[in-house]
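Trainee: Numbering (the working numbering), first residue to last: 132 to 409. A virtual CB, placed ideally from N, CA and C, is assigned to each residue, including glycine. Can you keep this structure in mind? I'll have questions shortly.
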């Protein structure tokens with residue numbers, strides 16, 4: 132039997148809301164796609180004797196859930212059968228399936244989706260600190276706001292008005308699991324797709340929930356860094372889908388591989404924020 136060509140890596144980079152379909156020839160040393168923003172996971176194929184091992188690499192400093200599906204026809208032979216779903220620990224890799232291309236095809240058609248967070252998250256009722264270094268903040272858009280807070284990810288988000296460059300504070304202690312930087316300023320011609328192009332920080336809390344801080348002009352923390360309530364983590368801005376400088380803040384959980392925002396309470400200024408009980 133002729134040994135299948137050895138791949139260095141066949142990479143597919145995906146975001147929480149983007150499923151990237153691959154139809155690669157298995158002799159290719161790398162993927163043809165460019166890195167999208169907010170990379171969460173990588174699909175990695177390793178060649179063996181007539182089969183390929185499909186691995187999911189977690190690129191975040193927090194847990195994720197992934198699902199591998201067949202995309203297009205004819206489907207690959209897979210063990211276990213597709214779809215294959217798994218949880219992947221921070222920075223770890225999980226073997227999803229053993230695959231064999233259809234006879235005479237030499238191609239695999241795959242789709243990998245990934246979602247930050249663990250479905251085992253059990254959010255506690257916690258009073259969150261006002262995440263801005265301001266004595267008070269005006270809410271420009273509240274829960275279920277008609278402009279952009281109608282979807283599940285943002286229904287329970289707050290848009291807090293703040294001059295660009297206002298220090299952003301950690302509303303709750305946790306570990307920085309994901310950051311996105313280098314995104315452009317908002318423009319009048321943008322669409323809702325630009326929401327994915329905002330600079331943001333995602334912080335994993337002890338109960339598995341995640342705090343999202345978006346539209347930043349600067350990020351001052353790194354993935355894997357521990358932060359305490361009130362620590363400075365960045366600067367407010369006007370990147371992504373935005374009509375003016377503000378901070379978009381939400382608390383999210385992973386439910387069935389979908390990010391869901393949940394209601395939360397703000398404690399007010401730093402001096403009024405009670406410590407979190409464990």
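For residue 328 and residue 372, I'd like the C-alpha separation in whole angstroms.
Mentor: On the chain shown, position 197 is the one that residue 328 refers to. On the chain shown, position 241 is the one that residue 372 refers to. Residue 328 and residue 372: Cα-Cα distance of roughly 8 Å.
Trainee: Leaving out five residues before and five after residue 304 in sequence, what residues of the same chain have Cβ atoms less than 7 Å from its Cβ?
Mentor: As a position in the chain shown, residue 304 is number 173, starting the count at 1. 358, 359, 360 and 407.
Trainee: When you compare each of 229, 365 and 202 to residue 175 by their alpha carbons, which one comes out closest?
Mentor: Indexing the chain shown from 1 puts residue 175 at position 44. Checked all of 229, 365 and 202; the closest Cα to residue 175 is 229.
Trainee: Residue 313 and residue 247 - do their beta-carbons sit closer together than 8 Å?
Mentor: Reading the chain shown from its first residue, position 116 is the one you call residue 247. Reading the chain shown from its first residue, position 182 is the one you call residue 313. No, the pair does not count as a contact, with Cβ atoms beyond the cut-off.
Trainee: Buried or exposed for residue 394, please, with buried defined as at least 16 other CB atoms from any protein chain shown within 10 angstroms of its CB.
Mentor: Residue 394 sits at position 263 when you count from the first residue of the chain shown. That one is exposed.
Trainee: Would you check if the stretch 176-183 and the stretch 288-300 touch, i.e. whether three or more CB-CB distances between them fall below 8 Å?
Mentor: no
Trainee: Keeping to the same chain, check which residues put their C-beta closer than 6 Å to that of residue 183; ignore five residues upstream and five downstream.
Mentor: Along the chain shown, one-based indexing puts residue 183 at 52. Counting only Cβ-Cβ distances below 6 Å, and skipping sequence neighbours, we find 176 and 230.
Trainee: Which first and last residues belong to the beta strand (DSSP E) in which residue 247 is found?
Mentor: The sequence position of residue 247 within the chain shown is 116, counting from 1. Looking at the DSSP string, the run of the beta strand (DSSP E) that includes residue 247 is 241-247.
Trainee: Distance, Cα to Cα, residue 157 vs residue 264?
Mentor: Position 26 of the chain shown holds residue 157. Position 133 of the chain shown holds residue 264. Since pLDDT at residue 157 reaches only 27, below the 50 mark, its modelled position is unreliable, and the value read off the structure follows with that caveat. Residue 157 and residue 264: Cα-Cα distance of roughly 52 Å.
Trainee: Below 8 Å, how does it come out for the stretch 252-259 and the stretch 196-216: are there three or more Cβ pairs, yes or no?
Mentor: Judged by Cβ distances under 8 Å, the stretch 252-259 makes no contact with the stretch 196-216, as fewer than three pairs qualify.
Trainee: Considering only residues of the same chain and omitting the five flanking positions on each side of residue 253, which have a CB-CB separation below 8 Å?
Mentor: As a position in the chain shown, residue 253 is number 122, starting the count at 1. Only 338 and 339 meet the Cβ criterion.
Trainee: Using CA atoms only, rank isn't needed, just tell me which of 215, 347, 336 and 310 is closest to residue 202.
Mentor: Translated into the one-based positions of the chain shown, residue 202 becomes position 71. Distance from the Cα of residue 202 is smallest, within the candidate group 215, 347, 336 and 310, for 215.
Trainee: Leaving aside the five residues before and after residue 199 along the sequence, list all residues of the same chain whose C-beta is less than 8 Å from its C-beta, in chain order.
Mentor: As a working note, residue 199 is residue 68 in the chain shown. So the list reads 174, 185, 187, 213, 214, 215, 216, 227, 228, 241, 242 and 243, once near-sequence residues are dropped.
Trainee: Here's the rule: buried if 16 or more other CB atoms are within 10 angstroms of the residue's CB, otherwise exposed. What is residue 375?
Mentor: The residue you call residue 375 lines up with position 244 of the chain shown. When all chains shown are included, residue 375 counts as exposed.
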